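Residue numbers for the sequence shown follow the working numbering, so the first one is 77 and each next one is one higher.
Heads up, the beta-carbon is just placed ideally off N, CA and C, and yes, glycines get one too.
Because the structure is a prediction, the values reported are computed rather than measured.
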Amino acid sequence: MTTTRASSHTRGVVFMHCCPSAVAPHVEWALAGEIGRPVRLEWTAQPVTPMHLRAEASWSGPIGTAARLAGALRAWPMLVFEVTEDGTSSSDGERLAYVPGRGFHRSTVSANGDVMVGEERLRGLLARARTADDYAHGLAELLGTAWDAELEPYRLGGDGAPVSLLHQVV
C-alpha cells in the first residue's frame, strides 16, 4: 500500500493596492525577505489614489507563505493590500486583507473563491447575537464585508495591470 504525502507547497497572489512611491522599495525588500530572493515589482499608478502605486505579484512557496508576506507588510500601516493563498490537499485557502484604520481581516477561502465561515464561529455568533441586527452585523464582520467595500475601488483600479512572478527559494 502506498501513501501519498500531502503537498506542502502552494501559490497565491500579493495585491499591493495602494503604496506611496517612497515606500515601494521597502515593500520589495520585505517581500524578498520572505521569498528568499530579490523582488522587483512592476509598479503602476493607482488611479484611485493619485501619487500612489499599485502592483500584483504571483508567488509560490510553502503553506503559510501568505501569512508571512502579510506580516512583513504590516510594518507600513499606510499600505492597502491583500495576500491570497490557494488551498491544497492539506490546507484551506485564505485571504488576508489590510486596510488602514480597519486593520487585518483573515478569511478562509474555498477553491472557487467563496469566503467560508466555520461552524464554531457561526455558533459563537448565534450565542452572542441578541437581535437580528446583531446577527446581521456579526455575519458581515465574519465575511469581511467592510474590508471588501473599502478594497473594491482599488481592485477595479488595477484591472489590466501587469503581474510579477515571485518564486521562493527552496
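- Excluding sequence positions up to five before and after Gly220, its CB lies within less than 7 Å of the CB of Ala173, His181, Ser183, Val191, all in the same chain and listed in chain order.
- Spanning the alpha carbons of Ala222 and Arg231 requires a straight line of approximately 14 Å.
- The beta carbon of Val193 lies closer than 6 Å to those of Leu218 in the same chain, with the five residues before and after it left out.
- Burial state of Met92 is buried, judged by a 10 Å Cβ sphere holding 16 or more other Cβ atoms.
- Straight across, the Cα-Cα distance linking Glu158 with Arg206 is about 33 Å.
- If the five residues before and after Arg178 are omitted, its C-beta is found closer than 8 Å to the C-beta atoms of Ala222, Trp223, Glu226, all from its own chain and listed in chain order.
- For the options Leu215, Ser134, Asp209, Gly189, the alpha carbon positioned closest to that of Gly200 is the one of Leu215.
- The secondary-structure analysis by DSSP pairs Ser97 with nothing; it has no beta-bridge partner.
- Note that the C-beta distance between Cys94 and Leu149 is not below 8 Å.
- Within the model, the alpha-carbon separation for Val124 versus Ala212 is close to 30 Å.
- In this structure, the straight-line span from the alpha carbon of Ala208 to that of Thr120 is close to 44 Å.
- Relative to Ala131, the option among Glu104, Pro153, Gly163 whose CA is nearest is Glu104.
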